[in-house]
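Notes for the one structure printed next.
In the working numbering, the protein residues as written are 16 to 425.
The following block contains the structure:
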């Protein structure tokens with residue numbers, strides 16, 4: 016009898032909440048997480064700088080191997096986990112650190128047109144993937160027409176910049192609005208289908224959009240449209256400038272704009288994930304029937320995620336059109352949509368930081384291996400398969416939501 020009572024007491028004690036940690040312990044843990052995030056950001060910038068600066072394929076391979084080893088060590092040592100915890104609890108501070116590190120990288124390559132173009136492209140594709148993460152990672156909506164909405168934003172900017180006096184900043188926002196409005200046309204078939212059928216609907220729309228752009232002469236047909244240089248807040252982004260006798264590429268301004276778009280897009284995705292909206296989206300993705308019994312309206316949250324995701328994709332597409340000064344149907348193909356989806360899956364579904372890392376690999380590596388000609392596709396494909404084999408959830412899997420963090424913010 017006494018043995019049973021003691022067992023009950025032990026079982027009851029196991030369910031008790033842990034005692035609150037002292038303030039000094041919390042502060043030390045917060046400092047440790049901040050240092051870990053700073054270390055990861057600095058290491059990432061250094062690796063990216065090496066990838067951009069190196070010309071030899073052998074040196075590039077060595078850098079990638081060293082970066083992979085450093086990443087593995089960071090996972091085993093818990094540094095990556097601590098950095099992720101800091102990003103979850105201090106999203107603004109984390110993005111300020113990334114903004115500072117990325118600005119240093121842009122300044123280091125201030126006169127390199129091609130390098131700045133590649134950096135801006137990586138940031139904009141990662142920003143578009145933040146919108147896809149809201150749709151696919153949080154809500155479970157398969158969007159295989161990401162490139163079509165990306166192109167919708169670009170064409171909107173091209174038309175408004177050439178034919179109206181609308182400020183280019185508002186034209187960029189209009190690109191997001193038009194992409195969301197066109198995506199609203201897909202809502203009825205998307206909401207009435209699930210799984211593979213929903214994916215087929217978006218694939219069909221992407222092909223239809225690309226074909227329409229090719230035959231529409233008012234939008235330039237297969238030749239596309241030229242986009243005039245952007246002017247944002249009085250800054251002519253189509254011309255370079257000098258600082259202390261050093262020539263600065265005009266792509267530097269586009270790099271700063273692309274950085275701002277990525278940081279804001281990732282911040283929006285993070286804010287949605289760590290709010291009550293994110294809980295509803297997760298319930299919609301996990302089980303619509305169970306979620307509806309608890310008062311969740313799956314249709315409402317699918318509409319919200321689909322429109323908001325397409326809005327972010329359209330803004331990234333509009334800025335990308337200004338970056339390249341050109342938009343064409345080639346940017347709306349199914350292959351481009353697969354490129355966006357591959358970035359999301361490779362980086363980790365639902366994680367914006369993972370999409371940024373994957374965008375570096377997916378966009379930069381084929382360009383750096385260009386001298387290998389036909390072998391570069393094979394090498395890149397083997398690399399992607401190896402990553403997914405050893406990291407099936409992506410390079411940076413989405414972290415489990417910590418409700419204590421949500422309580423701290425409320």
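For glycine and all other residues, C-beta sits at the position ideal for the given N, C-alpha and C.
### Query
When the Cα of residue 64 is compared with those of 120, 85, 304, which residue comes out closest?
Along the chain shown, one-based indexing puts residue 64 at 49. When each option's Cα is compared against that of residue 64, the closest is 120.
### residue 243 to residue 340 span [Cα, whole Å]
As a first step, residue 243 is located in the chain shown; it is residue number 228 there, counting from the start. As a first step, residue 340 is located in the chain shown; it is residue number 325 there, counting from the start. Computed Cα separation, rounded: 6 Å.
### Query
To which residues of the same chain is residue 146 closer than 6 Å at the C-beta, ignoring the five residues directly before and after it?
Reading the chain shown from its first residue, position 131 is the one you call residue 146. Result list for residue 146: 324, 327, 328, in chain order.
### Task
Could you name the residues of the same chain whose beta carbon sits closer than 6 Å to that of residue 280, not counting the 5 residues immediately before and after it, in chain order?
Numbered from its first residue, the chain shown carries residue 280 at position 265. Excluding residues within five positions, the ones whose Cβ falls inside 6 Å are 142, 145, 327.
### Task
Return the chain-ordered list of same chain residues with a C-beta closer than 6 Å to the C-beta of residue 364, the five sequence neighbours on each side being excluded.
The count along the chain shown starts at 1 and reaches residue 364 at position 349. Here the set comprises 152.
### Query
Which residue comes first and which comes last in the alpha helix (DSSP H) that contains residue 294?
On the chain shown, position 279 is the one that residue 294 refers to. Note, residue 294: alpha helix (DSSP H), 291–301.
#### Entry: For residue 201, three-class secondary structure by DSSP
Here residue 201 refers to the residue found at position 186 of the chain shown. Correct three-state label for residue 201: coil.
### Task
State the Cα-Cα distance for the pair residue 248 and residue 237, rounded to the nearest angstrom.
The residue given as residue 248 occupies position 233 in the chain shown. The residue given as residue 237 occupies position 222 in the chain shown. Answer to the nearest angstrom: the Cα atoms are 33 Å apart.
#### Entry: Boundaries of the alpha helix (DSSP H) in which residue 261 is found, first to last residue
Locating residue 261 in the chain shown gives position 246, where the first residue counts as 1. Segment 261–263 is the beta strand (DSSP E) holding residue 261; no alpha helix (DSSP H) there.
### Message
Going by DSSP in three states, residue 410 sits in which element: helix, strand or coil?
### Response
In the chain shown, counting from the first residue as 1, residue 410 sits at position 395. Of the three classes helix, strand and coil, the one that applies to residue 410 here is coil, per DSSP.
### Residue of 161, 191, 156 minimising C-alpha distance to residue 171
Mapped onto the chain shown, residue 171 falls at position 156. Closest option to residue 171, Cα to Cα, is 191.
### Task
Spell out the partners DSSP gives residue 258 in its beta bridges.
Here the question's residue 258 lines up with position 243 in the chain shown. Residue 258 is bridged to 261.
#### Entry: residue 193 vs residue 276 beta-carbon contact at 8 Å
Your numbering for residue 193 matches position 178 in the chain shown. Your numbering for residue 276 matches position 261 in the chain shown. Contact flag unset, no.
### Task
Tell me where the alpha helix (DSSP H) around residue 244 begins and ends.
Numbered from 1 along the chain shown, position 229 holds the residue referred to as residue 244. Taken as a continuous stretch (DSSP letters only), residue 244 belongs to no alpha helix (DSSP H), as it is neither H nor E.
#### Entry: Continuous alpha helix (DSSP H) stretch holding residue 325: start and end
Translated into positions along the chain shown, residue 325 becomes position 310. Here the alpha helix (DSSP H) through residue 325 covers 313–339.
### Task
Kindly indicate which three-state DSSP category residue 39 falls into: helix, strand or coil?
The residue given as residue 39 occupies position 24 in the chain shown. With a pLDDT of 47 at residue 39, under the threshold of 50, the predicted position of this residue should be treated as unreliable, though the coordinate-derived value follows. Looking at residue 39 - three-state DSSP - the assignment turns out to be helix.
### Query
Does the Cβ-Cβ distance between residue 261 and residue 154 come in under 8 Å?
As a working note, residue 261 is residue 246 in the chain shown. As a working note, residue 154 is residue 139 in the chain shown. Taking 8 Å as the Cβ cut-off, residue 261 and residue 154 do not qualify as a contacting pair.
#### Entry: Ordered list of alpha helix (DSSP H) runs contained in the stretch 45–97, each at least 4 residues
72–92
### Query
Name the DSSP bridge partner or partners of residue 342?
Within the chain shown, residue 342 is the residue found at index 327, counting from 1. Answer is 240.
### Task
Answer with buried or exposed for residue 46, where buried requires no fewer than 16 other C-beta atoms within 10 angstroms of its C-beta.
Position 31 of the chain shown, counted from the start, is the residue given in the question as residue 46. By the 10 Å Cβ count, residue 46 comes out exposed.
#### Entry: Rounded separation between residue 343 and residue 393 - CA only
The residue labelled residue 343 in the question sits at position 328 within the chain shown. The residue labelled residue 393 in the question sits at position 378 within the chain shown. Cα to Cα, the separation comes out at about 27 Å.
### Task
Locate the alpha helix (DSSP H) running through residue 106, then write down its first and last residues.
Position 91 of the chain shown holds residue 106. Start and end: 106–123.
### Task
For the stretch 178–192 and the stretch 162–170, state whether three or more C-beta atom pairs, one from each stretch, are separated by less than 8 Å.
yes
### Task
Leaving aside the five residues before and after residue 101 along the sequence, list all residues of the same chain whose C-beta is less than 7 Å from its C-beta, in chain order.
Taking the chain shown and counting its residues from 1, the one referred to as residue 101 is at position 86. Same-chain partners within the cutoff: 48, 49, 51, 52, 109.
### Query
Among the residues of its own chain, which have a CB less than 6 Å from the CB of residue 128, if the five just before and after it don't count?
In the chain shown, the residue the question calls residue 128 occupies position 113. Hits under 6 Å: 264, 266.
### Message
I need the straight-line Cα distance from residue 259 to residue 125, nearest angstrom please.
### Response
Along the chain shown, read from residue 1 onward, the residue named residue 259 stands at position 244. Along the chain shown, read from residue 1 onward, the residue named residue 125 stands at position 110. Looking at the two C-alpha atoms, the distance is approximately 12 Å.
### Straight-line Cα distance separating residue 235 from residue 229
Here residue 229 refers to the residue found at position 214 of the chain shown. Here residue 235 refers to the residue found at position 220 of the chain shown. Each residue's alpha carbon lies about 8 Å from the other.
### Message
Suppose you measure from the CA of residue 69 to the CA of residue 314; what does that come to, to the nearest Å?
### Response
Residue 69 sits at position 54 when you count from the first residue of the chain shown. Residue 314 sits at position 299 when you count from the first residue of the chain shown. Roughly 49 Å separates the two Cα atoms.
### Query
Do the stretch 405–414 and the stretch 365–374 touch if we need at least three Cβ pairs shorter than 8 Å?
yes
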